[in-house]
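Under this note's numbering, the residue at position 103 of the sequence shown is numbered 94, and the numbers go up by one with no gaps.
One structure is given below, encoded as structure tokens.
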Amino acid sequence: MAKLTKKQKEAYAKVDKTQSYDLAAASALVKDITNVKFDASVDLAIRLGVDPRKANQMVRGVVTLPHGTGKDVKVLALVTPDKEADAKAAGADYVGLDEYLQKIKGGWTDVDVIITMPSVMGKLGPLGRILGPRGLMPNPKTGTVTMDVAKAVTDVKAGKIDFKVDKTGIVHAAIGKVSFDAKKIEENANELIQTIIKLKPTTAKGTYVKSVFMSSTMSPSIAVEVKTV
């Protein structure tokens, strides 16, 4: 294990690994233990009692964080000419179709979210091997394949994120920045957790939310009391 710096040791000393913190305390503590020189992301890792290998236990959804993510999300709208003006007015960073399909084919993926229309999805199929591994393939379930492109762009810019349980049964998601005040971190975290709770598969047995950990970039993780969420 790499040797800890003085600041890292101080941060670890502030986190009592023998206890869980309520969401409000964890949100305040994550700010206190973050000492990087940039505006670090605040992340949640939520372990669920599901078997992601079974289709009927896959937990996936979208949530609009009440205070946004704090990140300037770069959006590409792949739309037909009649939708271009709406997408630009809604704040899409890149708008077009064939020219961007060619750029993606060449390896360009310098965006965070791609939004498109049902009629365009056929053209995206061959690009699945490029977009899929990067989590950029539009999907109707996450609202990124829609006829209301303008609303989808607005939602993403306002803090709408999609999440999905990974193969180990954990949902990882960024829910804000350390520069947020603790109350905003708490409310964003709670919104994500409550959304996931509502998505509990009927086939999931036993404890559904097994553990919740909060951390920031390069900080120790903080155990959150499951019963408080």
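Just so it is clear, CB atoms sit at the ideal spot from N, CA and C, and this is done for glycine as well.
A quick note: this is a predicted structure, and the numbers were derived from the prediction, not measured.
Residue i: first and last residue of the uninterrupted beta strand (DSSP E) it sits in
i: Ala173; result: Counting along the chain, Ala173 falls outside any beta strand (DSSP E), though it belongs to the alpha helix (DSSP H) covering 173 to 189.
i: Arg51; result: 51 to 55
i: Ala214; result: 213 to 215
i: Lys168; result: 161 to 168
i: Leu88; result: Where Leu88 is concerned, there is no enclosing beta strand (DSSP E), given that its DSSP letter is neither H nor E.
i: Ala68; result: 66 to 69
i: Val104; result: 104 to 107
Cβ-Cβ distance between residue i and residue j below 7 Å
i: Ala165; j: Asp34; result: yes
i: Gly160; j: Leu20; result: no
i: Val140; j: Lys79; result: no
i: Lys168; j: Asp30; result: yes
i: Lys151; j: Val53; result: yes
i: Val162; j: Phe154; result: yes
i: Pro72; j: Glu178; result: no
i: Pro211; j: Ala36; result: no
Residue i versus residue j - alpha carbon distance
i: Asn26; j: Ile188; result: 32 Å
i: Asp84; j: Thr145; result: 12 Å
i: Met(-8); j: Val86; result: Bear in mind that a pLDDT of 47 at Met(-8), under 50, signals an unreliable position, so the model cannot answer this.
i: Ile95; j: Met209; result: 32 Å
i: Ala143; j: Arg51; result: 18 Å
i: Gly112; j: Ile121; result: According to the sequence displayed, residue 112 carries Met and not Gly. So the two alpha carbons sit approximately 14 Å from each other.
i: Val6; j: Ser206; result: 11 Å
i: Ile213; j: Thr198; result: 20 Å
i: Arg125; j: Met108; result: 20 Å
i: Val255; j: Phe204; result: The structure shown has nothing for residue 255, since the chain only spans -8 to 220.
i: Thr194; j: Thr(-4); result: 46 Å
i: Pro192; j: Ala81; result: 35 Å
i: Ala4; j: Tyr91; result: 49 Å
i: Thr9; j: Lys201; result: 16 Å
i: Asn130; j: Leu88; result: 17 Å
i: Gln48; j: Gly61; result: 31 Å
i: Lys28; j: Ser18; result: 19 Å
i: Gln(-1); j: Ile184; result: 28 Å
i: Asn181; j: Met128; result: 27 Å
i: Lys(-6); j: Ser170; result: 27 Å
i: Asp157; j: Gly59; result: 23 Å
i: Gly186; j: Thr55; result: Sequence inspection shows Thr at residue 186; the Gly mentioned does not correspond to that position. Going from the Cα of Thr186 to the Cα of Thr55 covers about 10 Å.
Within-7 Å CB hit, residue i to chain C
i: Lys151; result: Absent from the structure is chain C; it holds one protein chain and no more.
Residue span of the alpha helix (DSSP H) that contains residue i, given as start and end
i: Thr145; result: 140 to 149
i: Gly113; result: 112 to 115
i: Tyr3; result: -3 to 5
i: Gly119; result: 119 to 122
i: Tyr199; result: Here Tyr199 belongs to no alpha helix (DSSP H), and DSSP marks it neither H nor E.
i: Leu127; result: Counting along the chain, Leu127 falls outside any alpha helix (DSSP H), and DSSP gives it neither H nor E.
*Tell me, please, whether the segment 1 to 19 touches the segment 112 to 120 by the rule of three or more beta-carbon pairs shorter than 8 Å.*
no
*asked:* Using 8 Å as the cut-off, can you tell me whether the segment 90 to 106 makes contact with the segment 64 to 74, which would need three or more C-beta pairs spanning the two stretches below that distance?
replied: yes
*asked:* As an exercise, report each continuous alpha helix (DSSP H) stretch of at least 4 residues that is fully enclosed by the segment 8 to 43, in chain order.
replied: Correct list: 14 to 23.
*For the 8 Å Cβ check, are there 3 or more pairs between the segment 168 to 175 and the segment 38 to 45?*
no
*Inspect the CB distances between the segment 103 to 112 and the segment 121 to 136 and report whether three or more fall short of 8 Å.*
yes
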